[in-house]
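Those sequence lines, one after another, are chains A and B.
The opening residue of the first sequence carries number 4 in my numbering; numbering runs sequentially from there.
The opening residue of the second sequence carries number 16 in my numbering; numbering runs sequentially from there.
Glycine included, every Cβ here is placed at the ideal spot set by N, Cα and C.
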Amino acid sequence: MAKFSLKINGKTQQVDVDPATPMLWVLRDHLHLQGTKYGCGVAACGACTVHLNGSAVRSCQLPVSSVKKQEITTIEGLTENGDHPVQKAWLEHDVAQCGYCQAGQIMSAVSMLKNNPNPSDEEIEGYMSGNICRCGTYSRIKTAIKSVVKK
Amino acid sequence: MEKFNITHSRRSFLKASLLSGGGLMISIGGLSGFKLTDKFEDLKLPNEWNEINGYIKITADNVIKILSQNPEFGQNVKTSLPMIVAEELDVDWKDVIVEQAPFDTKVYTRQFTGGSQSIRTTWKNLRTAGASARQMLREAAAQVWNVPIDEVSTKASVLYHEKSGKSAKYGEMASKAASIPLPKEVKLKDVKDFKIVRSPRKNVEGINIVTGKPLFGMDYTKEGMLIAMIHHPPAFGMKLKSYDASQVRTMSGIKDVFTITLLEEGTERAIFDTRTFNELLVVVGNTTWEVMNARKKLKVEWEGIVEKKETVNVFGNKREEIIPAGLESTETHLSKMQEMAKKPATELRKDGDPETVFKNAAQIIERTYNAPFLAHNTMEPMNCFAHVTDKEAFFAAPLQAPEFAERTVAARLGLPVEKINIEMTRMGGGFGRRAYGHYLVEAGLISQKAKAPIKLIYTREDDMTYGIYRPMYTATYRAALDADKNLIGFHVKGGGIPEHPIAANRFPAGAVDNYLAEGWEIPSNITIGAFRAPRSNFNAAAEQSFLDELAAAMGKDPIELRLELLKRAKDNPVGKNNDYDADRYAGVLKLVREKSGWGTPEKRNLHRGVAAYFCHNSYAAHVIDVAIKDGQVIVENVYSAIDCGIVINPDAATNMVEGAVIDGIGNALYGNLSLKNGSPQQNNFNTYRMIRCNEIPKKIEVYFVENDIDPTGLGEPPFPPVFGALANALFKATEKRFYNQPFSADLSKL
């Protein structure tokens, strides 16, 4: 066990955990930030995507000890009211079916658009292919992202 | 206007009126609702709700709450069921808030999400609930205003008396309405007057999903809750022999290690009771990571199971099930299936004299199709919160069929069913998998033994290797043609591990004079379960590919052949019990033909295939265009035509069809759960290939047949024909037929 001071969603939070604990479980079990989802634990599905200094990472592969001073943003910290352009696009295009993967999808999309505000179809597909949706909402995910690009 | 006698939901209305005792019924809103955390500040402050009936509560300031009775797994019933109530209640949708109804079989019938039946089975009840509440509100206004009820009209949550110019919001009359006796008869709206139903409405949970609110079973927490994980055998056909947990017990955060027995020996299994691994090793600890790590340190010896027989009781129909010993492999499964396919099978339906016709046929076409086990892979793995005490048990879980799980767990825990309380959380996908509530029983037993509130979590590996798969199937189709290439006989013989897929009364039964359907089964210790459109998901792939080949052999256009057969089935049907409506079946084919521009010269490099299927009371047809680019298959366009009767929420319905198309393409191309010595060869998304964002069709166009037929389901019907349409398009593109799923295996050999 070791104490860590973490900057999460703009707030500093203390946890006392095994240094190897992935951020996914620190967020979910210790900080009760349940928006970040467990899907596979091997960085193959993207459900646990969060931002580390603004870039998308899979939190299931991010040991708490490696975070140090870096800023973590989860879906809860993206906006207070769900009014990020990407969240608004998700609502406008009513993307979700079961909804379980969507926080991860949104975190990936936001990160992509931050680094590449005007992605091509192929770039969207390529970037978003790290996030699995069993319900098959990919076509709406693409449409929603493209609607943000147009704006 | 349709009149409807209140009989269906008598129980729920009776309960509502009994509770109200002829007076004002007040219930505590937020507390009876969807409680996700123990933190009181997260709950809405209690409001005074006037309960009009089991579905509708209205506050004095005109907030209208509609409860959605069925659990939600992504098919959007939490929006569409309340839309039906709201339609008949005649409210402004903006005034409505929706809440998950509590699980309560005394109030609601069939709180089960599955079989594409949520809308179909609640349609009349929900309309009646809305219409009777509206009538009670009108009656209340009539009494207060001292006018005849016939002169009281409604519009968008407001009551009007035109002659006197009086008006009142529903909320103003709600407490009075709650005391009005239940009407004996109500008038339902004319379908053409619908304002909410048939118009697109956003998912009521949308904002909670995009902001990451804790909606799912996995997100449930409670003060003092421990985390539990099971450690199941590494292979089907194995069981626990002994274990050493001495090291694990000393590890940080670990509370206990013990075993549980899912069902007691000799238990008669009911529908949805499963028997994958009966004895399970359990690790209980403080946090997920600690339990996950500790579990790796268990020293376990496994041993082979011995063959046994179990009785399965499905609603009074009892059958014996053999669970063979041994470690099974896909390779041996395939050879066993080939052997069995040659042996005589059980006759399921016979029309005319197929044997003679095949003997005398000018030409026989025979093709065999195979499909592997599939894992459901819901994005949220199985999980369940349980708090069991000596007197009662509370669960919060993602369950499709809580009513069945409740009975099993009550019996297993030795508690009366009334002492079992289940909160239905949102499900991160279902696809049939969550009809099997073994994880609820497991969680209950763990909590009972640990004497603590626990949350049982399956890792992805636990989830994917636990069984309850889509069965492994094969079918051989044969068609007999006369010298003029007329279809004179049709024969399907299908088998599976451990169940056959054949639906004997389905098309083309009824369309061919000489018809034979047969089935056979091979017992297995691999467990299986309903998987999005059970059996149909295989049949539509096999039969629809076969019809494509048959059309080619007969020199006919594939849509034209189907339409001719359907015409025959309508004008002069062969045999009895044909389970489809030939006109509606033909309807989706004609619609997809029109919308896809079928028959017009195909664009260069585009290759198209068609398939249609009827299942779960609805009809679906797809045309799929593929292209081959740099040796890779690219699905360019999909045109879908669906007849599910009245479409409640068109945009959400379109979303579900788009999803079914993508899910279908993914499973057809990649879905595969193979076994070696009883051990699943795929255990996570790095070995089990799922379709991804870069592999979806460039365009999906969805069209619904417009009619006023009472609605049927949509979660399953669009899924099966995707497989067939894709196989047929791939043939056009590659000149190779795709007989074996997943198609990617044969595609990679080209």
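Taking 9 angstroms as the cut-off between beta carbons, the residues of the region 39 to 51 of chain A near chain B are Thr39, Lys40, Tyr41, Gly42, Cys43, Gly44, Val45, Ala46, Ala47, Cys48 and Ala50, in sequence order. Interface with chain A (8 angstroms Cβ-Cβ cutoff): Trp108(B) is excluded. A direct Cα-Cα distance of roughly 7 angstroms separates Glu533(B) from Ile517(B).
The Cβ atoms of Leu606(B) and Ala668(B) lie no closer than 8 angstroms to each other.
The residue from Ala183(B), Met394(B), Gln463(B) and Asn620(B) with its alpha-carbon nearest to that of Tyr41(A) is Met394(B).
Counting only residues of its own chain and dropping the five nearest sequence neighbours on each side, Pro66(A) has a CB closer than 8 angstroms to the CB of Pro22, Ala23, Thr24, Pro25 and Met26. Taking a cut-off of 8 angstroms for Cβ pairs, the region 637 to 654 of chain B and the region 190 to 199 of chain B do not touch, as fewer than three such pairs fall below it. One alpha carbon belongs to Asp165(B), the other to Glu63(B), and they sit about 29 angstroms apart.
Among the residues facing chain A, Met487(B) is not included, as its CB has no counterpart in that chain under 8 angstroms away. Identification of chain A residues near Lys217(B) by a Cβ-Cβ cut-off of 9 angstroms yields Leu94, Glu95 and Asp97, ordered along the chain. Collapsing the DSSP output to three states places Ala467(B) in coil.
In the structure shown, the three-state DSSP call for Met705(B) is coil. Using a Cβ distance threshold of 8 angstroms, Ser131(B) and Glu536(B) do not count as a contacting pair. Fewer than three Cβ pairs drawn from the region 250 to 262 of chain B and the region 277 to 285 of chain B lie within less than 8 angstroms of each other, which leaves the two stretches out of contact. In the structure shown, Met131(A) falls within a helical segment according to DSSP collapsed to helix, strand and coil. Only exposed fits Lys323(B), as fewer than 16 other CB atoms lie within 10 angstroms of its CB. DSSP lists His54(A) as the beta-bridge partner residues of Thr76(A). Listed along chain A, no residue sits closer than 7 angstroms to Ala309(B) by beta-carbon distance, the nearest being about 11 angstroms off. Between Ile75(A) and chain B, the shortest Cβ-Cβ separation is not below 8 angstroms.
Identification of residues in the region 118 to 137 of chain A having a C-beta nearer than 9 angstroms to some C-beta of chain B yields Asp124, Glu125, Ile127, Glu128, Gly129, Tyr130, Met131, Ser132, Gly133, Asn134, Ile135, Cys136 and Arg137, given in sequence order. Burial check for Met4(A): the Cβ neighbour count within 10 Å stays below 16, so the residue is exposed. Note: Asp366(B) is bridge-paired with Tyr530(B) in the DSSP secondary-structure output. Arg61(A) is outside the set of residues whose beta carbon lies under 8 angstroms from a beta carbon in chain B. Looking at the DSSP output, Glu325(B) sits in a beta bridge with Glu336(B). Nearest neighbour of Gly85(A) by Cα position, chosen from Arg143(A), Asn121(A), Thr146(A) and Val113(A), turns out to be Val113(A).
Taking Ala412(B) as the centre and dropping the five residues before and after it, the same chain places the C-beta of Gly232, Cys399 and Leu455 closer than 6 angstroms to its C-beta, in chain order. Here the region 459 to 473 of chain B makes no contact with the region 373 to 384 of chain B; the two share fewer than three CB pairs at distances below 8 angstroms.
In the structure shown, the three-state DSSP call for Arg213(B) is coil.
Think of a sphere of 7 angstroms around the beta carbon of Ala112(A): no beta carbon from chain B falls inside it, the nearest being about 10 angstroms out.
For Phe273(B), the closest alpha carbon among the candidates Val201(B), Gly602(B), Gly69(B) and Ala243(B) is that of Ala243(B). Taking C-alpha positions only, Leu765(B) is separated from Gly445(B) by approximately 35 angstroms.
Between Leu9(A) and Leu30(A), the alpha-carbon positions lie close to 11 angstroms from each other.
Taking a beta-carbon distance threshold of 8 angstroms, Pro66(A) does not count as an interface residue toward chain B.
Look at Met26(A): its C-beta is not under 8 angstroms from any C-beta on chain B.
Between Ala146(B) and the set Thr124(B), Asp259(B) and Lys199(B), the nearest pair of CA atoms involves Lys199(B).
Here Gln126(B) is buried. Its C-beta has 16 or more other C-beta atoms within 10 Å.
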